[in-house]
Amino acid sequence: MPTEMLRELVMQPRLQLHLADAHESLQGCSSIAAAGHGPLVKLLPIRRLHIIAIAALLLKHRRVNAPAPPPIMTASSPHDADQGETPSPHQQHGASSASASQTPDASTPRNRSVDEPRERETANNEQSPLLPPADYDAFGARLGREDSHVDESQTTKSLWYLTVLTIGIGGLQIAWSVELSNGSPYLLSLGLSKSLMALVWIAGPLTGTLVQPYVGMLSDSCRLSWGKRKPFMLGGAAATIVGLLFLAWTKEIVGGVLGIFGADPQSHGVKVTVIVTAVIGVYLLDFAINTVQAALRTFIVDCGPAHQQEAANSMASRMTGIGNIIGYIAGYVNLTTSFWFLGDTQFKILCAVASIALGSTVVLSAALIKERDPRLDGPPKKKQSIFIFFFTLFKSIKRLPPQIKRVCQVQFFGWVGFFPLLFYTSSYIGEIYVQPFLEENPHMSPEEIDKLYEHATRIGSFALLINSIVSLLTNVFLPFFVAPTYDSHPVLNSSESSTKKSFLDRLRIPGLTLKRAWFGSLILFAIVMVCTVFVRSVNAATALIGIAGITWAITLWAPFAIISAEISRRDALARSKRHHRNDNHDSPPTLPAPIPATGNTSPMELTEAPREEVDQAGVIMGIHNMSVSAPQIIANVGSSLIFKIWQKPRGTPGDHSIGIVLALGGVFALVAAFFVLRIKDDVSFPPETLADEEHGADDQDDDEPSPNGDLSRSTKPGYSAVPTGDSEAPREVEDS
1 MPTEMLRELV
11 MQPRLQLHLA
21 DAHESLQGCS
31 SIAAAGHGPL
41 VKLLPIRRLH
51 IIAIAALLLK
61 HRRVNAPAPP
71 PIMTASSPHD
81 ADQGETPSPH
91 QQHGASSASA
101 SQTPDASTPR
111 NRSVDEPRER
121 ETANNEQSPL
131 LPPADYDAFG
141 ARLGREDSHV
151 DESQTTKSLW
161 YLTVLTIGIG
171 GLQIAWSVEL
181 SNGSPYLLSL
191 GLSKSLMALV
201 WIAGPLTGTL
211 VQPYVGMLSD
221 SCRLSWGKRK
231 PFMLGGAAAT
241 IVGLLFLAWT
251 KEIVGGVLGI
261 FGADPQSHGV
271 KVTVIVTAVI
281 GVYLLDFAIN
291 TVQAALRTFI
301 VDCGPAHQQE
311 AANSMASRMT
321 GIGNIIGYIA
331 GYVNLTTSFW
341 FLGDTQFKIL
351 CAVASIALGS
361 TVVLSAALIK
371 ERDPRLDGPP
381 KKKQSIFIFF
391 FTLFKSIKRL
401 PPQIKRVCQV
411 QFFGWVGFFP
421 LLFYTSSYIG
431 EIYVQPFLEE
441 NPHMSPEEID
451 KLYEHATRIG
461 SFALLINSIV
471 SLLTNVFLPF
481 FVAPTYDSHP
491 VLNSSESSTK
501 KSFLDRLRIP
511 GLTLKRAWFG
521 SLILFAIVMV
531 CTVFVRSVNA
541 ATALIGIAGI
551 TWAITLWAPF
561 AIISAEISRR
571 DALARSKRHH
581 RNDNHDSPPT
591 LPAPIPATGN
601 TSPMELTEAP
611 REEVDQAGVI
621 MGIHNMSVSA
631 PQIIANVGSS
641 LIFKIWQKPR
651 GTPGDHSIGI
661 VLALGGVFAL
671 VAAFFVLRIK
681 DDVSFPPETL
691 ADEEHGADDQ
701 DDDEPSPNGD
711 LSRSTKPGYS
721 AVPTGDSEAP
731 REVEDS
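Those letters in the sequence shown? Residues 1 to 736, by the UniProt record's numbering.
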C-alpha cells in the first residue's frame, strides 16, 4: 500500500519528518512548483499536504546531494556513496542501473528544460526506490490512463455479438409457443375439463410474479467465476427440457409406474392421476421457463453495453418473433411422417424439437459470450429466508428509479389488454368463422360441431401466424427509423465515437423516439381492440390481429430497452467509480494521490454502501416481470367474469363475449399510453457528470460546486440529471 511505502521512506535516517520541520517542508512546495508542477499543487486538497511535505523533503534531499543532476533518481545516485554513507542493497541496485545508463560526458552538468519529455529520464531507472513504476510519470500520474481504464463491457459490440447474446431468447420462445399453441389441446385430450383449464393457464403469470424476482435476487448474489447469470441460464434450460419431455410423455410415464403395481392404465384412477400429474408438470415447466427468462434478460443487461441496450433488446424481440414463427409453422406441419423417431404424436415431436432448439441456443450463447467475473463485485449479501426476500422485494419496489417505475406502470395496464390477445385470439377468430355455419344449420350434431370448431381453431392459429410475421417485420425494420434515444453515446469515454453519419443514420425520422413510437403503438392497439366488437368477417378480424403485431413488437422492445439502458448505465458508472477508488489505493508512493476521507478504509468497504443502496439488474428485471405477470392474473379473473355473464353455449350463434373482453383490453391500453407520456425521452447523465464518475469522486467532502454552478455531480438515489442541451440543472424526480 502507498501509506506503508511512504512510512518506510520517512523512517530512513536522513528523511525523517519532524514536526519542527513542518514549515520547511511546506516551503518546499515552491520547489515543486518551480519544477513545472505548480498547477498540480494548486489542485491538491489541504488534507493531502502531508504527502507534499514528504515529496518536498525528497526533492530538497536530492538537490543537496546531487551536484550533477541525474535523471530524477537522486536518492540512489552514486554521489551518495561519496558522502560517507553506505547505501542499502536496493539503492546500490538503482545506482548501478543509473551508472550503466550514463553517457561518457555525464559528469558535465547540463541544463535541461523543464518542458523536455521525461520518458528518457525514467526509462532506465525503474529499480529506484524513489521512482514510480514505468506505468506512472514522476509524480505518479498513470500513463495512458484513458486506454488502460476502458471498460471492455462498454465498448461497442458487433451485430454478430448481439445476435449470439440474444439467441437464447429465440430458443426459449419456441418452447413457450409450443406450450401455448398445443398445451390446451393436449390437456383436453387427457380428459381435463374446460372449467379447470383457467386454473392451469394461471400458472404462467403466477410463477412469473413470484419466481422471476427471486431468481433475479439469487443471480445477483451468485459469485461463481464463470458468471452470475449463466448458472441459472443453463440450469433453467435443463429443467425446461426435462419439463417439456415429461409433459409430453406424462401418460406413458404414469401408466408405466402404476402398472408396476398392477394398476390398469385405462382405469379411472389412473386417468385422474395422469391429469393431476400433467397439471403439476405444467406448473413446474412454467417455473423453469421463468427461470430461464429471468436469467436471459439480465444476461443481456450485463453483457450488452449501456449505449447499445436498445439495439440488444431490439435484436431480442426479433429472436422472439423468429421463435414464434418457427413454433407456429412446426405446429401446422405434420411432423409424425418426417420425425417419427422423436415420438409417435405431434405434441411429443414438438416438445423434442423445442428442447433441442432451447438447449442449443442457450449453450451457444453461454459458450461464446464472456460474462464479467462477479467476484469483482465483492462478497454477496448473506442468505435470506423467503420472508426476508418478500420484505426486501417490496422495499426494492418502493425505491425503484423513477424512470423504471414509470415503465412498470405502463406494463401493468398494458398487459391487462395484451392477455386476451394472446390467449383468446384463436377462439375469437374461430367464433367469427363458425357464425354463418351455425346460422344456416342450427341443428348440427355434436360431431359436426367439433369438426367445425377444429377447423376454426386452425383459422385462428393462422391469424396468430400473421401477427407474428408482422411483429417480426416491425422488429427488423422499425429500429432503422427510430432515433436511438437511449442509445446515443457510450457511457464511458471511448475513441470509437465518430461524427460521420452512415446510410442507416439518415433513415431515422427526426423526432420519432422510442417513447413516442411506444405511445403511438398503444393508441393503435386500443383502436384495433375496440374495433373487434364490430367486425363480423374472418378477413377483417385477421387484419386487425395482424395490425396488433406492430404494438406487440414494440412491447417486446421498448420497455426492456429503457430499463436495460438505465440499469446498464448506472452499473457502468458504479464500476467506474469503484475502479477509480481501487486505483487510488494502488497509487505509487510519490503520487500526491487522493486519499479517501475514511482514512484506512479498504476498497471493499468503500463499495459496500453503493451495492446496498442500489438494486442490481436481477432484482429490477424481476420486479418488471411482476408488473407483466400480475395484470395477467387480473385479466384472467376479469375475463372469466365477463364470460360468465355474456358467453353463450357452444354451438349457439351470436356469441360476442370474446370481442367484449378484447375491447376492454383496448381501454386499459389507453391508460397505459397515458403513463408512457410520463417517461423521460432521455435521462443520460451530462458529460461533466460522466467525467466526474469516470475519474472518481473522492473529493466529494470538499463540497465544491461544478463550474456551471449546479450540483451535477450528485448521483444520490432519487436524483436524475437531465440532458445538458436543455440548459437545466439536475432536479429531483423521485415520485412522491
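Backbone N, C-alpha and C define an ideal beta-carbon position, used for all residues, glycine too. In this text the structure is predicted, and so the values were computed from the model without any measurement.
Comparing C-alpha distances from residue 564 to each of 619, 532 and 533 shows the shortest one belongs to 619. A distance below 7 Å between beta-carbons, with the five flanking residues on each side excluded, links residue 225 to the following residues of its chain, in chain order: 373 and 375. Under the three-state reduction of DSSP, residue 513 is assigned to strand.
Contact annotation: residue 640 and residue 209 have beta-carbon atoms that are not nearer than 8 Å. Between residue 522 and residue 673, the C-beta gap is smaller than 8 Å, which places the two residues in contact.
At the C-beta level, residue 230 and residue 371 come within 8 Å of one another. Here residue 367 carries a helix assignment [DSSP, helix/strand/coil].
Rounded to whole angstroms, the gap between the alpha carbons of residue 161 and residue 670 is 37 Å.
The way I'd put it, the segment 462-471 doesn't touch the segment 291-310; fewer than three beta-carbon pairs between them come closer than 8 Å. By the neighbour-count criterion, in which a residue is buried when 16 or more other Cβ atoms sit within 10 angstroms of its Cβ, residue 207 is buried. The residues 174, in chain order, have a CB closer than 7 Å to that of residue 326 in the same chain once the five nearest residues on each side in sequence are set aside. Pairwise C-beta distances place the segment 453-469 in contact with the segment 424-436, as three or more of them are shorter than 8 Å. As the crow flies, the alpha-carbon of residue 421 is around 31 Å from that of residue 390. Under the three-state reduction of DSSP, residue 263 is assigned to coil, being neither helix nor strand. Rounded to whole angstroms, the separation of the alpha carbons of residue 538 and residue 439 is 16 Å.
In the assembly as shown, residue 347 is a buried residue. Its beta-carbon has 16 or more other beta-carbons within 10 Å. For residue 307, there is no enclosing alpha helix (DSSP H), as DSSP marks it with neither H nor E. Comparing alpha-carbon positions, the option among 339, 395, 675 and 278 lying closest to residue 247 turns out to be 278. Straight-line measurement puts the Cα of residue 191 at about 7 Å from the Cα of residue 275. Counting other Cβ atoms within 10 Å of its Cβ, residue 377 reaches 16 or more and is therefore classed as buried. Annotation: the segment 306-357 contains the following complete segments of the alpha helix (DSSP H) (minimum length 4 residues), in chain order: 309-332. Contact between residue 236 and residue 292 holds, since their C-beta atoms are separated by about 4 Å, short of 8 Å. Short of 7 Å from the beta carbon of residue 163, and not among the five residues preceding or following it, lie these beta carbons of its own chain, in chain order: 315. Distance from the CA of residue 647 to the CA of residue 399, rounded to the nearest whole angstrom, comes to 43 Å.
The alpha-carbon separation between residue 196 and residue 548 amounts to approximately 29 Å.
In its chain, beyond the 5 residues on either side, 673 and 676 have a beta carbon closer than 6 Å to the beta carbon of residue 519. Counting of Cβ neighbours within 10 angstroms places residue 448 among the exposed residues, the total staying below 16. Contact annotation, residue 243 with residue 284: C-beta distance approximately 5 Å; criterion of less than 8 Å satisfied. Within the same chain, 301, 617 and 620 come within 7 Å of residue 567 by CB-CB distance, once the 5 residues on both sides are set aside. In the DSSP assignment, the residues bridged to residue 483 are 513. By the Cβ neighbour-count rule, residue 656 is buried, with 16 or more other Cβ atoms within 10 Å of its own. The three-state reading of DSSP puts residue 379 in coil, since its state is none of H, G, I, E or B. With at least 16 other beta carbons inside 10 angstroms of its own, residue 409 counts as buried. Judged by DSSP secondary structure, residue 193 falls outside any alpha helix (DSSP H); it is assigned neither H nor E. For residue 441, the secondary structure class from DSSP, reduced to helix, strand or coil, is coil. The alpha-carbon separation between residue 483 and residue 321 amounts to approximately 22 Å.
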